[in-house]
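Report on the structure given below.
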Amino acid sequence: TRSNDLLDSQEKEELDRNQSSHRFPFWSLFSDNSPLTKYDATDKGFASDPFTVGTPRSRHRLTMLLLKSSLVVIVILALTGSFWWTLSFSTSSRGHIFHSSRRLQEQLVSDLRDIGELSFGTSRMKEIEFCPGELENYIPCFNVLENLDSGFSDGNEYDRVCRQGSRQNCLVLPPMNYKIPLRWPTGRDIIWVANVKITGQEVFTSGSLTKRMMMLEEEQISFRSASLMFDGVEDYSHQIAEMIGLRNESNFIQAGIRTILDIGCGYGSFGAHLSSEQILTICIANYESSGSQVQLTLERGLPAMIGSFSSKQLPYPSLSFDLLHCARCGIDWDKKDGTFLIEVDRVLRPGGYFVWTSPLINVQSSLRNKEKQKRWNFVRDFAENLCWELMSQQDETVVWKKTSKKTCYNSRKSGSGPSICSKVQDVEFPYYRPLQNCIGGMHSRRWVPIEERATWPSRSNLNRSELALYGLHLDELNEDTANYRIIVRNYWSLLSPLIFSDHPKRPGDEDPSPPYNMLRNVLDMNARYGGLNAALLEARKSVWVMNVVPTTGPKYLPLILDRGYFGVLHDWCEAFPTYPRTYDMVHAEGLLSLESSQHWRCTMVDIFTEIDRMLRPE
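Going by the working numbering, the first residue of the sequence shown is number 17, and it counts up by one from there.
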């Protein structure tokens with residue numbers, strides 16, 4: 017059709033693009049009690065008295081004075097009108113106020129308070145400098161050399177450690193030959209070499225199954241769907257489905273499998289293949305300074321974040337995923353007395369599956385190697401003591417199913433396997449807490465087997481009794497959904513090139529709508545109930561959303577995960593565990609109000625430089 021030809025031509029034009037992206041200085045207006053900085057006049061090529069009437073400095077101060085005065089007037093008028101409207105409305109029709117109206121009113125007052133704080137005091141314009149070129153892949157909180165100097169070892173040197181005062185508030189520059197990623201789905205199979213840090217040697221010597229499924233072609237890395245390697249992923253997925261007892265991977269949804277945590281995912285080919293079956297697969301892998309699994313997976317437009325099993329619990333609630341997958345992921349599950357397997361059990365839903373592919377599982381190989389056999393026996397016996405049922409074992413792959421019945425734990429032999437966590441130990445919202453040696457999730461009201469949950473996409477629309485588990489009313493969720501439908505419609509209309517042209521204007525009805533694949537990777541910094549995610553999917557936009565629930569806000573992360581979306585707990589005064597230039601859009605409704613209510617544990621500059629680090633150029 018004509019539309020398809022147009023899309024094909026657009027993709028071809030994108031493939032031929034060879035244009036570097038340019039970044040501009042980031043300016044921020046913020047409160048500061050320090051005196052104004054005196055710039056070196058000789059560096060500018062002229063000298064003048066900064067306090068002489070008519071100089072740029074005096075005009076700047078006059079402009080700032082007028083700006084602050086205007087803001088004060090706006091705040092006074094808005095607050096006066098707002099409070100008068102609230103008073104009159106509440107006395108005349110108090111019984112008819114909707115929850116959403118009250119929430120918008122409270123948000124208005126909160127935002128005006130923030131504006132008021134910015135309008136008072138000594139303010140100045142401060143230019144934030146660019147980071148040095150060697151920091152183009154800079155991730156705060158991940159410094160292997162510093163961790164080694166601090167005594168970290170045994171893999172713990174790759175852990176996330178956010179040291180006070182170690183953050184560099186600078187703008188991370190893209191690589192010299194950076195190119196705008198291709199749109200989905202073309203970008204899933206082809207990425208630009210210059211956009212990621214990887215060497216040709218790392219491409220050809222990578223050992224993981226999914227890592228090998230890539231080819232280096234001049235300026236591109238190609239994950240070709242027509243290659244024999246793709247057939248390998250398809251056959252592998254089909255094998256897993258059969259081992260679970262399904263006909264093929266297209267039946268995962270009917271079996272209650274919607275969300276998968278892929279540990280050490282290679283470069284995301286397993287998740288890329290399953291995405292066509294409406295399966296949401298999130299990749300987690302250790303921090304890597306080069307050849308990063310997470311960086312390449314995100315560059316392909318697939319969900320990923322840095323995460324490690326080495327010493328701390330993952331920042332997800334208990335009972336979060338339907339299936340966990342590890343294909344030669346590099347984790348020794350028999351180490352540390354099985355605590356890694358206990359963490360898998362914690363985040364796995366009742367009735368969920370753990371799929372492990374490793375040479376250690378090969379029976380013939382293990383029989384010839386006593387050490388391998390000993391390690392395999394430990395993992396197999398430990399899984400049994402976790403009340404996992406061994407579903408099937410074929411070649412190098414094994415599938416376990418977590419029990420759906422709590423009674424299994426009480427029927428174990430005395431002293432066999434880890435104990436049940438107490439209520440004090442069983443924290444539903446762990447934020448990088450040390451790994452525990454007891455079974456978690458047992459005290460959660462969300463203990464519902466995956467086969468008893470509604471299948472996707474019905475899962476995203478919870479009923480009244482299901483919402484009661486999260487302390488939420490149905491009308492609140494419905495109002496949130498309706499609100500985000502309007503927001504998405506407005507946002508999407510603004511994603512037109514007209515906005516960013518030399519003569520910007522708001523698109524009209526006669527202007528073409530932005531394409532459905534204008535964005536791919538979206539980050540919601542204050543996701544609440546996951547409303548933005550729901551509205552984007554309902555509008556059939558080709559996006560996935562990283563829903564983030566701030567540690568300082570209401571804890572609705574379990575609700576987001578149980579709706580069939582992906583989400584994570586995070587403190588926005590710390591760096592997010594991702595590489596630079598990984599998101600097409602960052603959404604932050606209500607975040608600044610939330611942080612200001614905590615008396616600004618970090619500065620606004622900290623938050624905005626972190627947003628800039630995560631955003632892709634343009």
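Don't be surprised by glycine CBs; every beta carbon is placed ideally from N, CA and C.
Reduced DSSP category for residue i - H, G, I as helix; E, B as strand; rest coil
i: Y486; result: coil
i: W43; result: In this prediction, W43 scores a pLDDT of 35, lower than 50, which makes its location untrustworthy; the coordinate-derived value is nonetheless stated afterwards. Looking at W43 - three-state DSSP - the assignment turns out to be strand.
i: W463; result: coil
i: V395; result: helix
i: K417; result: strand
i: K571; result: coil
i: H254; result: helix
i: K439; result: coil
i: S327; result: coil
i: T598; result: coil
i: L610; result: helix
i: S408; result: strand
i: N401; result: helix
i: D540; result: strand
i: Q389; result: helix
i: L357; result: helix
i: S476; result: helix
i: D635; result: Given that the chain is displayed from residue 17 to residue 634, the structure contains no residue 635 and the question cannot be resolved.
i: E497; result: First, the amino acid is wrong: residue 497 is Thr here, not Glu. Helix at T497.
i: L376; result: helix
i: L577; result: helix
i: M321; result: strand
i: D527; result: coil
i: S238; result: strand
i: D278; result: strand
i: E143; result: strand
i: E265; result: helix
i: L151; result: helix
i: I455; result: strand
i: W208; result: strand
i: L52; result: Note on L52: pLDDT 37, under 50, position unreliable in the model; no value is reported.
N- and C-terminal bounds of the alpha helix (DSSP H) containing residue i
i: F624; result: 620–630
i: C424; result: 423–426
i: S285; result: 285–290
i: Q311; result: 309–315
i: H547; result: In the sequence as displayed, the identity of residue 547 is Gly instead of His. First-last of the alpha helix (DSSP H) with G547: 547–554.
i: V205; result: Residue identity check: residue 205 is Asp in the sequence provided, not Val. Segment 202–205, the alpha helix (DSSP H) holding D205.
i: L164; result: 160–165
Residue i: first and last residue of the uninterrupted beta strand (DSSP E) it sits in
i: R365; result: 364–373
i: T297; result: 296–301
i: N563; result: 560–566
i: G583; result: 583–586
i: L340; result: 337–343
i: M534; result: Neither: M534 is in no beta strand (DSSP E) and is coded neither H nor E.
Contact under 7 Å by Cβ, residue i with residue j
i: V565; j: L552; result: no
i: T594; j: M321; result: yes
i: Y369; j: V415; result: yes
i: E265; j: A271; result: no
i: P520; j: S509; result: no
i: S512; j: G580; result: no
i: K390; j: L376; result: no
i: V188; j: P531; result: no
i: L330; j: V360; result: no
i: Q614; j: T568; result: yes
i: L490; j: Y545; result: no
i: F268; j: I295; result: yes
i: W11; j: C403; result: Here the chain comprises residues numbered 17 to 634, so residue 11 is not present and cannot be evaluated.
Supposed contact pair residue j and residue i - C-beta distance, whole angstroms, cut 8 Å
i: A288; j: L318; result: 6 Å
i: W463; j: G457; result: 7 Å
i: L451; j: S327; result: 6 Å
i: Y283; j: Y174; result: At roughly 18 Å, the Cβ-Cβ gap does not stay under 8 Å, so Y283 and Y174 are not in contact.
i: L548; j: Y500; result: 5 Å
i: M652; j: T413; result: Coverage of the chain is limited to positions 17 through 634, which leaves residue 652 absent and any answer about it impossible.
i: Q236; j: I207; result: 7 Å
i: M541; j: W588; result: 7 Å
i: P190; j: E152; result: 7 Å
i: S374; j: R344; result: 6 Å
i: N211; j: E315; result: 6 Å
Residue i Cβ short of 6 Å to the ligand ADP heavy atom set
i: P333; result: Because no ligand of any kind appears in the structure shown, any question about the ligand ADP cannot be addressed here.
Cβ pair count under 8 Å reaching 3, the stretch 344–364 against the stretch 263–282: yes
Below 8 Å, can you find three or more Cβ-Cβ pairs linking the stretch 521–537 to the stretch 600–609? yes
Count the C-beta pairs between the stretch 568–580 and the stretch 475–493 that are closer than 8 Å, then say yes if the count reaches three, no if not. yes
Evaluate the contact criterion for the stretch 392–410 versus the stretch 348–357: three or more CB pairs, one atom per stretch, below 8 Å. yes
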